[in-house]
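To keep things clear, I will list the structure first and then write my remarks on it.
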Amino acid sequence: NAGVTQTPKFQVLKTGQSMTLQCAQDMNHNSMYWYRQDPGMGLRLIYYSASEGTTDKGEVPNGYNVSRLNKREFSLRLESAAPSQTSVYFCASEQGGETQYFGPGTRLLVL
Amino acid sequence: QKEVEQNSGPLSVPEGAIASLNCTYSDRVSQSFFWYRQYSGKSPELIMSIYSNGDKEDGRFTAQLNKASQYVSLLIRDSQPSDSATYLCAARRKDSNYQLIWGAGTKLIIKP
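Same order as they appear, the protein sequences are chains A and B.
Heads up: the first sequence is residues 1 to 111, going by the working numbering.
Heads up: the second sequence is residues 112 to 223, going by the working numbering.
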């Protein structure tokens with residue numbers, strides 16, 4: 001039982017490059033989330049998926065797209081990376097309004 | 112006013128003492144609150160949740176919710192160096208069953 005997994009752990013991109021961050025959970029949770037965490041700003045919600053087949057914008061969705069591939073997997077795509085997207089990205093999953101369980105994070109540097 | 116506010120710290124507490132962490136919230140959040148601990152370079156993990164006015168205890172941790180004054184606090188008794196971390200307060204949004212609003216976190220340092 002791995003919980004929530006994320007790949008990659010680290011990534012360096014050049015401005016304008018694209019990439020997809022992968023997230024998977026094995027807890028059979030309905031809801032999944034993508035956050036970014038910047039120093040001094042706490043966690044900010046990018047997108048979430050309340051259940052398989054649905055996605056909704058959070059507070060900072062610009063520059064990102066998501067796909068809920070199936071119940072287990074929720075990916076985050078940066079189409080044209082910008083230095084302002086340098087951050088730590090966390091994926092989380094949740095069932096029924098209870099605890100959110102987090103993946104280990106992806107550290108992204110955009111040059 | 113931010114929806115969820117925390118003092119960023121750092122808060123320095125001697126080993127064995129009580130650490131008190133506070134969080135205030137606005138009318139835009141519901142009455143579901145969560146305290147997460149985040150070690151440097153790691154992901155957040157849940158310590159406690161609280162939904163009702165009053166105290167909730169779990170081992171060395173006590174969460175307190177005061178709806179009238181709109182604050183929620185976390186007390187850590189017999190603080191240990193391993194409690195040194197950033198503590199994040201989160202609340203469920205009133206207009207969403209799914210979204211959490213997060214405070215910026217308080218960095219706690221326990222001095223041996």
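Where a beta carbon is used, it is the ideal one built from N, C-alpha and C, also for glycine.
Every value quoted in this text rests on a predicted model; they were computed, and no experiment measured them.
query = In terms of DSSP beta bridges, what is P223 (chain B) paired with?
reply = BP columns for P223 (chain B) are empty, so no partner.
ask   = What did DSSP end up calling D166 (chain B) once you bin it into helix, strand or coil?
value = strand
key: Sub-8 Å separation of Y209 (chain B) and S31 (chain A) beta-carbons   = yes
key: Neighbourhood of D189 (chain B) by C-beta distance below 7 Å, restricted to the same chain and skipping five residues each side   = G127 and R171
query = Using Cβ-Cβ distances below 8 Å, what residues of the segment 40-54 of chain A are close to chain D?
reply = Reference to chain D is not applicable here, since the protein chains of this structure are A and B.
query = For the beta strand (DSSP E) that contains T7 (chain A), what are its first and last residues?
reply = V4 to T7
ask   = Whole-angstrom Cβ separation of Y89 (chain A) and V66 (chain A), contact assumed at under 8 Å?
value = Not confirmed; about 12 Å, so no contact.
query = Between A:G40, A:T5, A:Q22 and A:T15, which lies nearest to Q117 (chain B) when the distance is taken from Cα to Cα?
reply = Cα-wise, what sits closest to Q117 (chain B) is A:G40.
ask   = Quick one: what does DSSP say D138 (chain B) is sitting in, helix, strand or coil?
value = coil
task = Tell me whether G152 (chain B) is buried or exposed, calling it buried when 16 or more other Cβ atoms sit within 10 Å of its Cβ.
result = Counting the other Cβ atoms within 10 Å of the Cβ of G152 (chain B) gives fewer than 16, which makes it exposed.
key: Burial state of R148 (chain B) (16 or more Cβ within 10 Å)   = buried
ask   = So which residues on chain B does T99 (chain A) lean against when the C-beta distance must stay under 8 Å?
value = Going along chain B in sequence order, the residues near T99 (chain A) (Cβ under 8 Å) are F145, L157 and S160.
ask   = How many angstroms separate the CA atom of L108 (chain A) from the CA atom of K14 (chain A)?
value = Put simply, the backbone Cα of L108 (chain A) is about 11 Å away from that of K14 (chain A).
key: 8 Å contact criterion, which R77 (chain A) and Y64 (chain A) should meet: CB distance rounded   = 7 Å
ask   = Straight-line CA distance for D56 (chain A) to A50 (chain A)?
value = 8 Å
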